[in-house]
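First the structure, in the form of C-alpha cells, and then the observations on it.
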Amino acid sequence: MKITKLTTLLTSATLAVSGTIAFAADYTLTISSWAPPTHGINAKMWPKFVEMVEEATDGQVTAELKLGIAPPPAQMDLIMDGAADASIIFHGYQPGRFVTTKLIELPGYEGSAEDASVAYWRAYDQHLKAADEHRGVKVIALHTHGPAQLHSSAPVTTLDEVSGLKVRIPGGVGGDVGAALGATGIQVPAPKVYETLASKAADGVVMPLESRKGFKLTEVAQNVYEMPGGLYRGSFAFIMNEDTFADLPPELQTALEENVFGEPLSREIGKIWDEIDATGREATEAAEGNAINAATDADMEKFSAIAEDIRGKVIAEVDATGVDAQAAYDMIKSEMSSN
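Counting in the numbering used here, the sequence shown tops out at residue 384, every number present.
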C-alpha cells in the first residue's frame with residue numbers, strides 16, 4: 046500500500062492520533078484498530094506510536110487511526126493485503142496460525158507488562174522469529190497485556206467454582222487454561238464481550254484488569270477472581286505492511302528501525318498496559334457492587350500444578366516448530382527478572 050501526503054483534514058470516521066506537527070508530514074500511515082475508541086489501545090498506545098514516529102522522523106512521517114475496517118481476527122490479512130498500513134493483532138484470535146507466541150502467554154511469569162514486553166521482544170529477536178509466523182508483514186513491536194483474571198457476574202471465590210461455567214476465553218494459552226479448569230469456552234472477540242455478558246450468553250470472561258474500564262466490565266461482571274501472576278498473559282503484535290515500509294526513503298527507514306521499532310516501542314506499549322491495568326483496578330474498587338476475591342493459598346498451589354502441565358505441553362508445541370522452546374522460555378524468565 047502506498048503512503049501519501051496528507052492534504053485534507055481527517056474525516057469524522059477517522060480519529061486523529063498525531064501530534065502538533067502532523068500536517069507538515071510528507072508521509073501518513075493509515076492505522077487500523079479494532080478496540081473501542083476510548084480503550085487504552087486507541088487512547089494511549091497508538092498516540093504513543095505516532096509521537097515516537099514523528100519524533101524519530103522530524104515530523105516527516107505521521108499516522109491517522111481508523112476504526113471498524115475489519116474485525117480483530119482479520120487484521121493480519123488486512124495489513125498483508127495493503128488495506129491499511131499498520132495494525133495491532135491478538136495472536137490467540139487465530140488458533141494454529143501462531144504457536145511460538147504461546148510462550149509469553151504462559152502463567153507463572155513474575156513481572157509487569159513492561160517487563161514481559163521487553164523480554165518478549167528480546168526472545169523473539171533471538172529465538173522466535175526463526176519460525177517466521179508473521180511472514181507477509183513487518184513486526185514492529187510485541188507486547189503482552191497484564192495478568193488475566195476471571196471476571197464474572199456471580200462471585201467466584203475458589204478455583205473449583207470455575208468448572209462448568211460458560212466463560213469467554215481467547216485462543217492460545219488462555220484456551221488451554223480454561224479447558225484445564227473445566228470451563229466451557231466461548232470464543233468471541235474482545236469488543237463483543239460486553240454484550241455477551243449482558244445477554245447472559247456467558248457467565249464470565251478471562252481478561253486483564255484494564256477491561257474493567259476498557260470494556261465496561263464493572264457493569265456486567267461485578268466480580269473478579271484474582272490469581273497472583275494471572276491465569277495467563279495475552280500476546281499482541283504491532284504489525285506493518287512490508288511495501289509501506291519499503292516505500293519510505295532509506296533514511297526514514299533507518300530512523301524508525303533505530304528509534305521506534307522493536308524494543309523501544311514494545312517497552313512503551315507494555316508500560317501503558319501497566320497504567321491501564323491500574324486504572325481498571327481503581328475503577329473496580331470505586332464501582333458500587335464490585336468485588337475482587339483473592340485466590341487462597343490452596344488454590345495457588347493447585348493452579349501452580351496446572352500451570353506446570355500447560356507449560357510442558359506448550360514447550361513441546363513450540364519445539365515442533367524448530368525453535369528451541371526451553372531456551373526461549375528460560376530467556377524470557379531471566380530477562381523479566383532482570384528488568
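Ideal placement from N, C-alpha and C gives every residue a C-beta, glycine not left out.
- Apart from sequence neighbours up to five positions away, the residues of its chain that approach Asn-335 with a beta-carbon distance below 6 Å are Thr-263, Gln-267, Thr-329, ordered along the chain.
- For Leu-293, the secondary structure class from DSSP, reduced to helix, strand or coil, is coil.
- Ranked by Cα distance from Asp-248, the first of Arg-213, Asn-338, Asp-205 is Arg-213.
- For Glu-109, the uninterrupted beta strand (DSSP E) run begins and ends at 106-112, by DSSP.
- Closest by C-alpha distance to Phe-135, out of Asp-126, Ala-323, Asp-122, Ala-128, is Asp-122.
- Taking the Cα of Glu-362 as reference, the smallest distance to any Cα among Leu-297, Gly-217, Ser-244 is reached at Gly-217.
- Per the coordinates, the alpha-carbon of Pro-152 lies some 33 Å from the alpha-carbon of Asp-130.
- Across the structure, Ile-337 and Arg-167 are spaced so that their CA atoms are roughly 34 Å apart.
- Taking 7 Å as the cut-off, the beta carbon of Ala-193 is found no closer than this to the beta carbon of Pro-116.
- In terms of CA proximity to Lys-258, Ala-88 leads the group Ala-88, Ile-76, Thr-73.
- Annotation for Lys-147: the continuous alpha helix (DSSP H) segment containing it runs 147-150.
- In its chain, beyond the 5 residues on either side, Ser-157, Ala-158, Pro-253, Leu-254, Glu-255, Gly-275, Arg-278, Trp-318, Asp-319, Asp-322 have a beta carbon closer than 8 Å to the beta carbon of Gly-191.
- Our two residues, Ala-175 and Ala-372, have alpha carbons roughly 13 Å apart in a direct line.
- For secondary structure counted as the beta strand (DSSP E) over 3 or more consecutive residues, the region 66-140 holds these complete runs in sequence order: 72-78, 106-112, 131-135.
- No Cβ-Cβ contact shorter than 7 Å links Thr-366 with Thr-146.
- Around Thr-241, the same chain offers Arg-213, Ile-231, Val-233, Ala-247, Val-250 as residues with beta carbons nearer than 8 Å, after the five sequence neighbours per side are excluded.
- Runs of the alpha helix (DSSP H) spanning 4 or more residues and lying entirely within the region 150-178 occur at 158-171, in chain order.
- DSSP places Leu-310 in the uninterrupted alpha helix (DSSP H) bounded by 308-331.
- If you ignore the 5 residues before and after Gly-227, its C-beta comes within less than 6 Å of the C-beta of Ser-208, all in its own chain and listed in chain order.
- For secondary structure counted as the beta strand (DSSP E) over 3 or more consecutive residues, the region 207-258 holds these complete runs in sequence order: 211-213, 229-231, 249-253.
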